[in-house]
Every structure is written in C-alpha cells, then in structure tokens.
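**Student:**
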Amino acid sequence: MKKLIFFLCLLTFQACSKTDGGENPDNVQQPDPTPEPVNTAPTIPNLIFPTNGLLCSDNPLEFSWNSSTDKEGGAISYEIELAEDNEFENIIEKTTVSETKVTFALEKGVQLNWRIRAKDSEGEYSSYSSSWNFYTEGEGIINYLPFSPALINPKAFSKVEGNMVQLEWTSSDVDEDSLLYDIYFGDTTPPGLLQENSEDSTYEISINQDKTYYWKIVVKDGNGGESIGDIWIFKS
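In full-length UniProt numbering, the protein residues as written are 1 to 236.
Set out below in structure tokens:
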C-alpha cells in the first residue's frame, strides 16, 4: 500500500510540474539583436586647382580641393592620382594625405590628368571626383599638343538601342587653336578610319544589332600637333 501511495504522489507531482503555468524557456521570444551600425562613405571631394585645361607655369605645382564630410564624424584622408591618360591607366603619382592640398614636382611640357577620392577612418572610400587635365609649361615650347579627347556618348561599355548612334566627345587646346578630328570606327579592333579632318565633335552613324563596336578620336591642332585618344567600346 505504501508503494502505491508513493507512486500516486509521484504521478501527481509530475502532472503538476507540467501544468503549473510556467513557460518553456525555449518558447520565450527573445528580443531582436541590436543591428550593427552601417558605415557610410565620405562625400566626394571637389577639385579646385589646377583648373581643367590650365597651362601651369608653376613647378612644383600645388594641388588643392574642397574637404569632404563623414556622416559618422570619422577622420578623413584623401587619395590623389596623377596620370598621363584620362583613363588613369598610366599613373605617375599616387599618394594619400590628410590635408586638402599637396605639392608635386612634375616633368615640364607634359599633359596630365588628376582626380581625388576621400577615405574615412573605417577604410570606406568615396567615389572619385571628376577628372581634370592640365599642361605643365615647357621650356621653349611654341605649340602645345591638344588635350586627349574625353568621351561623352555613348558611355563606355554601354548598350545602344536602335539602328543609329550619336558619337560625341570633347577636347581643348591651351593654345586655343582650332581643332580637327579623325574618327575611327568599326566592329573590329583597331577600328578603321571613318572620317578625316572633321570640324565637329559629334558624328551620327548607323549600326547593326548584336554587335560590339570600337571607336577612337585623333585630335589635331593644325600646327602639326595631335593627340590620339583611347579606344572606346559599346554594344548594340
């Protein structure tokens, strides 16, 4: 009998323990974890000097730009690049500074391009600024070459709809000479000569669909100086 009473008591205790209204810890809703703060990139710096298309007589030359801001309030540094081409494939100077100016001693009588981007204390970069080109004054130079052509339309590696495309570019000359353009275009590389000595910086041409097209511009100043542009690519 004592064994029976003990067994009944044990069953009653177990039943009560399961129905005592307590919550299963596994079913308790946990609070959402606090999200990690997202770091944002600094704002894009704006170039000040040397201005676009300038003939620079100072050498060494001081470069300057407007400061960027950082939403998180972190320290900002600036990466500056100088290149011989406007695609920044042939970089001759690249450095990082904490101020909004830096000085370089440069080769005389050369055309260069420059741009800036900002970096915060977390290593996040802004996009690059616009790129500007300039000439360093050379000794005894009578005629400066035109600046290399810069692409406007169609954007590099873009897809063009329709059966016509408007080619568009820009260039300038520190001597303020009138410029002529040789246009090279085709679906093979290097592209062949399409038109010579064009006075316009635009050209409309028909294209076929599902093709890759290549084109480039040679800028001439009429005094024997010429600058050969990069090969640009788009698809139809």
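C-beta atoms are modelled at their ideal positions from N, C-alpha and C, and glycine is treated no differently.
1) For Trp65 versus Leu54, is the C-beta distance shorter than 8 angstroms?
2) Spatial neighbours of Val174 within its chain, please: CB distance less than 6 angstroms, with the 5 preceding and 5 following residues excluded, ordered by chain position.
3) Please report the straight-line C-alpha distance between Ala41 and Ile152, rounded to a whole angstrom.
4) Could you give the residue range of the beta strand (DSSP E) that holds Gln209?
5) Let me know if Pro60 comes out buried or exposed under the rule of 16 or more other beta-carbons within 10 Å of its beta-carbon.
6) Thinking Glu84 and Leu112 are a contact (beta carbons under 8 angstroms), I'd like their distance in whole angstroms, please.
7) Tell me which same chain residues have a C-beta within less than 8 angstroms of the C-beta of residue 257, skipping the five on either side of it?
8) Quick one: what's got a C-beta closer than 6 angstroms to Thr69's C-beta in the same chain, skipping five residues either side?
9) What are the boundary residues of the beta strand (DSSP E) that Ser64 is part of?
10) List the DSSP bridge partners of Leu167.
11) Indicate whether Lys211 and Ser236 have their beta-carbon atoms separated by less than 8 angstroms.
12) Taking only three categories from DSSP, how would you classify Gly192?
**Tutor:** This is what the structure holds:
1) no
2) Leu55, Tyr135 and Tyr144
3) 27 angstroms
4) Annotation for Gln209: no beta strand (DSSP E) segment contains it, and DSSP assigns it neither H nor E.
5) So Pro60 counts as exposed.
6) 7 angstroms
7) Here the chain comprises residues numbered 1 to 236, so residue 257 is not present and cannot be evaluated.
8) Thr43
9) Here the beta strand (DSSP E) through Ser64 covers Leu61 to Trp65.
10) Tyr203
11) yes
12) strand
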